[in-house]
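Residue numbers (our numbering), protein chains in the order written: chain A, 369 to 683; chain B, 369 to 683; chain C, 369 to 683; chain D, 369 to 683; chain E, 369 to 683; chain F, 369 to 683.
The next block holds one structure in the form of structure tokens; read it before the comments.
Protein chains: 6
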Amino acid sequence: MKKGIGYFQVGDKFDSYLLIKQADKAVASNGKAFLTLILGDDTGDIEAKLWDASPADEQRYQADQVIKVQGEVNAFRGRLQLKIQAIRLAEPNDGVHPHDFVKRAPLTKEQLLEELTSFIFEMENPNLQRITRYFLSNYQEDLLAFPAAVRNHHEFVSGLAFHVVSMLRIARELKNLYPEINKDLLYAGIILHDIGKLRELSGASNPSYTIEGKLIGHISIMSDEIAKAARELKIEAEEVMVLQHMILSHHGKGEWGSPKPPLVREAELLHIIDLIDAKMNTLQRVMDKVAPGDFSERIFSMENRSFYKPAFERE
Amino acid sequence: MKKGIGYFQVGDKFDSYLLIKQADKAVASNGKAFLTLILGDDTGDIEAKLWDASPADEQRYQADQVIKVQGEVNAFRGRLQLKIQAIRLAEPNDGVHPHDFVKRAPLTKEQLLEELTSFIFEMENPNLQRITRYFLSNYQEDLLAFPAAVRNHHEFVSGLAFHVVSMLRIARELKNLYPEINKDLLYAGIILHDIGKLRELSGASNPSYTIEGKLIGHISIMSDEIAKAARELKIEAEEVMVLQHMILSHHGKGEWGSPKPPLVREAELLHIIDLIDAKMNTLQRVMDKVAPGDFSERIFSMENRSFYKPAFERE
Amino acid sequence: MKKGIGYFQVGDKFDSYLLIKQADKAVASNGKAFLTLILGDDTGDIEAKLWDASPADEQRYQADQVIKVQGEVNAFRGRLQLKIQAIRLAEPNDGVHPHDFVKRAPLTKEQLLEELTSFIFEMENPNLQRITRYFLSNYQEDLLAFPAAVRNHHEFVSGLAFHVVSMLRIARELKNLYPEINKDLLYAGIILHDIGKLRELSGASNPSYTIEGKLIGHISIMSDEIAKAARELKIEAEEVMVLQHMILSHHGKGEWGSPKPPLVREAELLHIIDLIDAKMNTLQRVMDKVAPGDFSERIFSMENRSFYKPAFERE
Amino acid sequence: MKKGIGYFQVGDKFDSYLLIKQADKAVASNGKAFLTLILGDDTGDIEAKLWDASPADEQRYQADQVIKVQGEVNAFRGRLQLKIQAIRLAEPNDGVHPHDFVKRAPLTKEQLLEELTSFIFEMENPNLQRITRYFLSNYQEDLLAFPAAVRNHHEFVSGLAFHVVSMLRIARELKNLYPEINKDLLYAGIILHDIGKLRELSGASNPSYTIEGKLIGHISIMSDEIAKAARELKIEAEEVMVLQHMILSHHGKGEWGSPKPPLVREAELLHIIDLIDAKMNTLQRVMDKVAPGDFSERIFSMENRSFYKPAFERE
Amino acid sequence: MKKGIGYFQVGDKFDSYLLIKQADKAVASNGKAFLTLILGDDTGDIEAKLWDASPADEQRYQADQVIKVQGEVNAFRGRLQLKIQAIRLAEPNDGVHPHDFVKRAPLTKEQLLEELTSFIFEMENPNLQRITRYFLSNYQEDLLAFPAAVRNHHEFVSGLAFHVVSMLRIARELKNLYPEINKDLLYAGIILHDIGKLRELSGASNPSYTIEGKLIGHISIMSDEIAKAARELKIEAEEVMVLQHMILSHHGKGEWGSPKPPLVREAELLHIIDLIDAKMNTLQRVMDKVAPGDFSERIFSMENRSFYKPAFERE
Amino acid sequence: MKKGIGYFQVGDKFDSYLLIKQADKAVASNGKAFLTLILGDDTGDIEAKLWDASPADEQRYQADQVIKVQGEVNAFRGRLQLKIQAIRLAEPNDGVHPHDFVKRAPLTKEQLLEELTSFIFEMENPNLQRITRYFLSNYQEDLLAFPAAVRNHHEFVSGLAFHVVSMLRIARELKNLYPEINKDLLYAGIILHDIGKLRELSGASNPSYTIEGKLIGHISIMSDEIAKAARELKIEAEEVMVLQHMILSHHGKGEWGSPKPPLVREAELLHIIDLIDAKMNTLQRVMDKVAPGDFSERIFSMENRSFYKPAFERE
């Protein structure tokens with residue numbers, strides 16, 4: 369049975385550990401202070417109110433602390449809330465650590481790095497290979513830590529690298545089915561396409577958009593970076609321009625942020641593979657909590673559709 | 369070297385066999401009859417004028433005849449034309465047959481059937497498997513002969529079956545990468561999604577749209593057919609409804625002809641896999657005739673884009 | 369003077385009978401239970417809170433009970449609320465019945481059936497007549513009971529049949545003005561166009577969308593049903609296909625749910641007549657509560673417009 | 369049997385009278401002059417070339433002359449052309465007059481005027497009635513002569529008045545079905561809605577757009593005219609403003625030329641009734657020449673759709 | 369230091385005069401009356417609650433009174449609120465007047481009138497000059513008092529005239545750069561373009577839309593007015609029509625309320641100059657409260673964008 | 369009187385010098401060679417056919433030669449054509465030079481450079497000034513020679529620099545009217561905004577799009593260039609990022625090629641000033657050939673509108 373907080377329903381009793389993700393103090397209409405806590409584990413979050421909070425409580429229950437909590441799940445204005453019945457900080461011999469409560473990719477950083485490296489090793493075009501390797505070396509740490517997005521898909525630790533590895537796996541299969549694909553170009557485009565996010569987002573955990581992210585955007589940032597890398601590597605071949613085109617066009621059209629639509633076969637593929645992996649990850653996250661025979665909540669990033677899980681999947 | 373008529377350029381000399389695909393008589397301004405011939409092989413078509421055509425010529429040079437022709441390729445109003453210098457009907461001992469001049473899938477009907485059968489064999493859900501098998505039995509001949517479309521992609525003999533097989537291969541790989549996919553549902557959707565085209569189009573060769581195709585369309589035709597098949601097979605399970613939904617939604621949205629958008633994970637995938645294979649086939653057909661460093665003609669079915677073939681693919 | 373609850377304003381005193389349409393229990397911040405009641409008659413609904421509800425109250429005041437209530441109309445967050453001053457269940461000798469409090473068509477089921485039958489009797493094409501009669505026989509009970517929609521227009525008992533009869537009357541007049549119209553085709557299309565809603569919606573009262581309604585939709589459901597009916601009636605004429613086209617195209621375009629736009633004169637008419645009757649009914653419902661010289665609330669289903677009732681209509 | 373030139377097909381022999389609608393001189397590649405004639409009757413037009421035209425021919429065959437012509441219908445670049453075998457001017461005792469060759473409404477001007485008058489007579493609101501009567505008096509002659517549009521619908525003599533009368537008939541029936549309609553407002557709106565076209569178009573026959581038509585448009589022209597009429601009639605009531613709104617909004621939305629969308633019930637109806645009559649007239653003109661079982665040409669003003677005439681209408 | 373209420377942040381103490389812009393009574397959950405006050409000066413507004421309001425308070429604190437208030441700025445549901453600690457009505461010897469608390473144009477009415485007059489004086493075309501002068505005379509008082517819009521831009525006393533004067537200044541410069549501009553036509557269009565707002569809006573202060581404003585709109589109102597003025601001035605020249613076109617087209621396209629797009633050079637310019645001044649005024653209002661290095665709130669009238677104030681503007 | 373070829377109408381006789389802009393050989397239906405010449409001066413182009421061209425003619429009449437030609441202007445398929453009556457090459461003592469026949473900006477390169485330099489001199493922010501100066505130095509020659517676009521506006525020698533200078537003049541005036549504008553940022557944005565076109569287009573005369581222009585585009589090219597310039601100049605200030613944003617956003621929105629919409633006040637202004645100058649230049653080019661009282665041809669780049677030149681401008 370799945371048992372993270374993300375799977376709890378109204379009426380369920382909870383008695384276990386959770387991480388405080390956010391803690392805000394406010395004053396109730398009776399004049400007493402209370403804390404609004406966002407508690408979570410790697411399956412989801414829930415809000416809880418700690419009423420009549422003393423200054424010591426305030427001091428104690430802060431973000432990034434793990435707590436032991438007993439309570440019951442209620443509904444409040446259509447959202448779940450945990451009614452706290454007992455709460456304390458986790459203690460050393462509880463054997464729990466904050467990082468156990470954070471969602472992360474199903475592969476470790478080491479596994480991700482190894483797989484990325486092996487795809488680069490497969491590449492035969494030296495220009496594309498050198499540029500790709502340059503970025504993997506220079507950005508390795510962040511690339512292995514960042515999420516792929518603020519929300520919607522791969523919004524977890526190592527999400528970006530996991531997204532890239534998943535896309536590379538699809539690319540490898542499509543290359544088998546359509547041999548006319550230029551594998552090196554496609555691999556390079558996939559590995560580099562979102563590296564601009566390392567500057568577009570503020571950090572690996574709980575990221576927001578940077579000023580540069582808002583004014584320039586990860587697409588143009590990365591186009592620049594490739595030009596700069598090529599100058600440093602003294603590569604003046606057409607591959608540089610085509611690779612920049614891959615990056616610039618990977619959102620598919622102007623309305624979606626790409627200054628050019630894909631005009632090279634592998635650029636078109638990069639766009640589609642990106643879509644597939646983002647959609648499959650989004651659906652996996654959402655449908656995991658839907659019972660057979662039910663519809664999901666509306667998914668904003670997928671035209672606000674509500675998806676159905678067939679009842680015959682029950683068996 | 370590639371040598372079909374589809375690869376000839378202005379100024380090239382031609383001296384070989386071609387199939388007459390269409391022959392129309394008209395009268396020139398000097399009052400003499402002439403024939404406009406569309407000549408072709410499996411790589412493309414070219415127009416040719418046979419001036420001062422005698423009644424015997426008219427009789428002789430009709431559609432579906434193979435001819436031996438010498439001539440030179442000219443440009444006329446921006447399109448290629450073959451200027452005929454000598455022409456005769458092919459003779460028995462020339463050893464050429466009309467069906468050698470028709471484009472067809474890279475797999476034979478036998479290979480296609482075998483591969484389709486093996487995918488159905490993989491299916492575990494008996495309802496989905498029985499319905500799929502019902503259509504393969506009932507429509508086998510047409511399914512193996514029809515093109516997938518009138519133009520744009522897979523517009524050749526066995527194009528529909530080849531399109532289906534290519535999609536199934538992609539599906540199998542995606543199932544490996546995303547194990548939460550319901551393989552049976554996806555396979556069934558892929559195999560059945562375009563069978564309505566067997567009634568939407570007028571025939572396997574040189575097809576046009578039927579009245580039913582224009583008024584009802586292959587999507588609604590097939591939804592009906594599935595309902596009917598289920599009644600005949602006495603299957604009353606939810607699979608029937610979900611399979612109908614797969615068919616109804618496979619064009620993705622209302623503007624593209626689907627009365628419902630995909631609302632089931634596998635329906636979304638069916639739509640994307642259909643897109644990938646159609647695009648890859650279109651690009652393969654178009655880019656094959658483009659030299660490295662050049663742009664293709666505009667491709668209407670792909671938002672009128674003109675694609676670039678990188679010069680570095682030359683080596 | 370109009371006196372249903374739908375016409376009450378802030379400050380009005382109410383002292384009469386209402387039907388409980390919905391009753392939900394909740395717990396107030398003081399820890400006591402209260403009931404949120406949706407009370408209504410055939411002119412509208414109003415919310416009321418029954419504070420400090422005892423278990424007996426909970427037992428007593430349930431959906432579908434008629435109550436006698438005294439109170440005053442207040443505003444709460446921009447919506448009207450009935451502040452309950454006295455409440456009791458209706459008693460036998462009060463002489464009131466739940467079904468008096470439900471909005472229904474201005475014609476009885478018998479009148480509707482008679483009028484439908486007479487239109488079918490007018491039809492001369494035997495194929496169209498037999499198919500139409502088939503559905504009237506097989507779905508008579510539901511057809512006479514269902515609303516035409518969940519909200520917006522004809523959202524009352526017998527709404528669907530009343531909508532159909534109104535459309536038939538318009539059709540008869542247009543046939544007089546434009547004799548080239550094929551009356552039989554148009555009548556058949558009108559009578560059948562929304563019968564798929566009997567499966568799209570969950571029931572005659574307080575309907576919601578069924579899973580089949582969401583995944584297949586009333587348009588495709590009915591196209592199927594016509595094909596099936598024709599098979600049962602052993603009709604293989606073109607009328608079947610054209611009638612299916614009428615159904616498939618009656619929403620006018622892809623964005624509005626029709627997989628084909630109207631491509632037959634009577635299909636175009638069916639779409640327009642459907643629009644007229646839906647709009648006139650919507651406006652009638654909304655403008656009825658607007659005073660001359662005022663604007664209505666915004667009407668979502670009519671591009672969110674707010675309609676004006678001319679002051680000179682005051683007399 | 370229908371026998372106007374509009375019904376002739378390739379290969380048909382023609383031997384009758386036609387009106388020269390346009391005559392243009394040009395010089396052929398052999399240096400000789402020829403005339404391009406547009407010949408027509410009330411069913412349609414056809415182009416014809418008069419080769420080797422002498423100066424006398426040029427003088428003789430001019431626009432608005434009736435000719436007797438023998439010839440055969442050919443196709444030239446996809447359009448029909450009449451190959452002239454013999455031609456002469458009509459003579460007095462042929463008993464034919466130019467105005468017999470011009471398409472006109474099925475009602476005479478007298479009938480149209482009488483019917484318009486009787487609708488105005490039905491009106492009860494004196495302000496609306498007086499304004500309407502004002503325009504009928506002041507613009508009677510043009511109103512009875514102009515077409516309703518340059519092309520697409522009611523593009524014939526008296527087309528505007530016939531369009532108005534047809535719309536009034538629909539309005540009368542809808543008033544019976546929906547008694548809440550304000551008949552006077554709707555009638556007034558219908559009668560006046562297109563009177564601005566008398567200034568937007570250059571004349572009753574062969575009209576083009578005036579400068580005022582292009583810069584101001586019939587909608588704003590007529591809104592002005594109503595304001596002016598009211599001032600002359602010293603009417604200062606709300607009816608004037610609401611009537612202006614009817615005119616301003618009758619194209620339905622901004623993209624279609626209306627500065628305001630319909631915000632009054634009768635304005636919405638005016639827009640829909642206008643649509644119905646325009647569409648029915650367009651379809652009647654187009655479908656009249658289509659054989660049962662065939663599709664029409666594409667109709668630009670109806671989203672470029674090609675309409676089907678059911679084969680079962682054949683009997 | 370800027371010190372109007374519009375610049376206060378959470379935590380700031382306030383102790384000064386404010387104007388009561390709106391005062392509404394309501395009853396709290398404890399059964400006691402309270403007042404919701406909107407308090408403001410020429411830099412902005414803030415909400416305040418006066419709890420336990422006595423009937424005397426109700427009487428005292430009404431719209432358009434100036435008060436002296438002490439309090440602290442809090443946040444409530446994301447919006448600022450002034451927590452009242454002390455409040456009293458302003459007294460005569462406080463030396464404050466309501467009109468000091470209202471935002472107004474940076475030029476006085478006299479200055480605005482003088483500048484308008486001088487632009488009209490520059491005009492050389494007598495027809496355009498006379499029509500423009502006619503409106504300035506007839507509408508002088510309102511024109512100098514009204515805002516240019518209900519919100520977004522120039523939403524202050526004399527905003528309309530200030531908007532016009534700013535546009536005229538731009539026009540004068542563009543005329544210098546592009547001498548082919550017809551200055552008279554452009555000046556006339558600018559001065560008249562929004563005069564219809566004097567009837568579209570209900571008054572100079574705190575305006576709402578009139579019925580005429582909603583049903584006819586300032587664009588059509590003004591087109592009428594120009595026609596009427598020309599008749600009164602007995603001007604029958606083309607200038608009238610072109611000036612009407614300028615007004616009708618100044619919103620640029622149908623979707624934005626113009627029944628005709630600009631079709632005259634100066635009409636196109638009028639539209640653009642209107643946009644520039646509206647945008648510059650909007651940005652000036654919004655960015656004034658943004659610190660260097662920060663983003664503004666989202667600006668609805670500018671496609672909901674959030675603008676950045678560069679940090680390097682700090683110095 | 370204006371007398372360039374661009375002002376000639378059907379029937380006009382021509383007898384003067386023209387530049388051969390293009391010369392193509394073809395074979396007529398009579399088997400003889402002919403030349404299709406595009407002849408032009410600084411007011412426009414016209415096509416001419418040189419029939420029965422000898423090999424010597426072919427040799428003689430090539431692009432970039434000036435000829436003396438006599439002929440008459442005809443219409444052919446709706447376009448003007450010059451019927452050649454006599455033709456010869458210009459001779460040295462005719463005193464004509466090819467570059468007299470090419471359209472160029474109304475300012476000389478020296479004047480343009482001087483004005484650009486003076487605007488840069490006005491700048492006070494050293495970072496912005498140094499970056500701007502860097503580009504003026506490095507690209508001076510091309511910047512002073514290139515057109516601003518392939519067609520539509522400023523499509524002449526020095527068009528780009530003239531466009532920039534015109535925009536700077538507008539900017540200076542707007543700065544006077546709206547003092548809150550950051551002049552340095554706006555000037556820098558204007559001067560640099562289209563420098564990417566020096567790589568997007570193939571050259572100063574008769575330019576086409578380069579591969580880099582199609583795949584990357586002048587917007588992204590220039591964003592890169594600024595990043596590179598800043599690195600070379602060792603400027604690491606925020607100005608670099610904001611300047612890149614100006615370039616990236618200057619087309620206004622995604623659909624028009626900008627990966628980011630303007631999010632800084634001066635970026636919004638840059639976009640609008642660019643529009644104004646492009647539109648004014650387009651209109652000036654088009655309206656110059658339209659007589660008062662006439663409409664222009666449709667202008668594709670301005671939503672296909674046809675503009676009216678008022679008749680009252682005649683005087």
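Backbone N, C-alpha and C define an ideal beta-carbon position, used for all residues, glycine too.
Please read these numbers as outputs of a predicted model, since none were measured by experiment.
Output yes if chain C places a C-beta closer than 9 Å to the C-beta of residue i; else output no.
{"i": "Gly625/B", "result": "yes"}
Since residue i meets chain A, which of its residues come closer than 9 Å, beta carbon to beta carbon?
{"i": "Ile579/C", "result": "Gly661, Phe663, Tyr676 and Ala679"}
{"i": "Val632/B", "result": "Phe675, Tyr676, Lys677 and Pro678"}
Within 10 Å of its beta-carbon, does residue i have 16 or more other beta-carbons around it, so buried, or fewer, so exposed?
{"i": "Gln612/B", "result": "buried"}
{"i": "Asn672/E", "result": "exposed"}
{"i": "Asp462/A", "result": "exposed"}
Which residues of chain A have a Cβ atom closer than 8 Å to the Cβ of residue i, listed in chain order?
{"i": "Val610/F", "result": "Leu583"}
By the criterion of Cβ-Cβ separation under 8 Å, what are the contact partners of residue i in chain E?
{"i": "Tyr546/F", "result": "Met648 and Gln652"}
With a threshold of 9 Å between beta carbons, is residue i in contact with chain A?
{"i": "Ile455/B", "result": "no"}
{"i": "Met369/C", "result": "In this prediction, Met369/C scores a pLDDT of 39, lower than 50, which makes its location untrustworthy; the coordinate-derived value is nonetheless stated afterwards. With 9 Å as the cut-off, Met369/C does not count as an interface residue toward chain A."}
Could you confirm whether any beta carbon from chain D is found closer than 9 Å to the beta carbon of residue i?
{"i": "Gly622/E", "result": "yes"}
Using a Cβ-Cβ distance cut-off of 9 Å, determine whether residue i contacts chain B.
{"i": "Pro460/A", "result": "no"}
Taking residue i as the query, report the chain D residues whose CB atoms sit under 8 Å from its CB, ordered along the chain.
{"i": "Ser617/C", "result": "Near Ser617/C there are no residues of chain D at all, since even the closest Cβ is about 10 Å away, more than 8 Å."}
With a threshold of 9 Å between beta carbons, is residue i in contact with chain E?
{"i": "Glu523/F", "result": "no"}
message: What are the residues in the stretch 585–598 of chain E lying within 8 Å of chain D by C-beta distance?
response: Gly585, Ile587, Ser588, Ser591, Asp592, Ala595 and Lys596
field: Within the stretch 417–462 of chain B, ranges of the beta strand (DSSP E) (whole runs, at least 3 residues)
entry: 434–444 and 447–457
- request: Could you name each continuous alpha helix (DSSP H) segment of 4 residues or more that falls completely within the stretch 492–553 of chain C, going from the start of the chain to the end?
  value: 494–513 and 527–545
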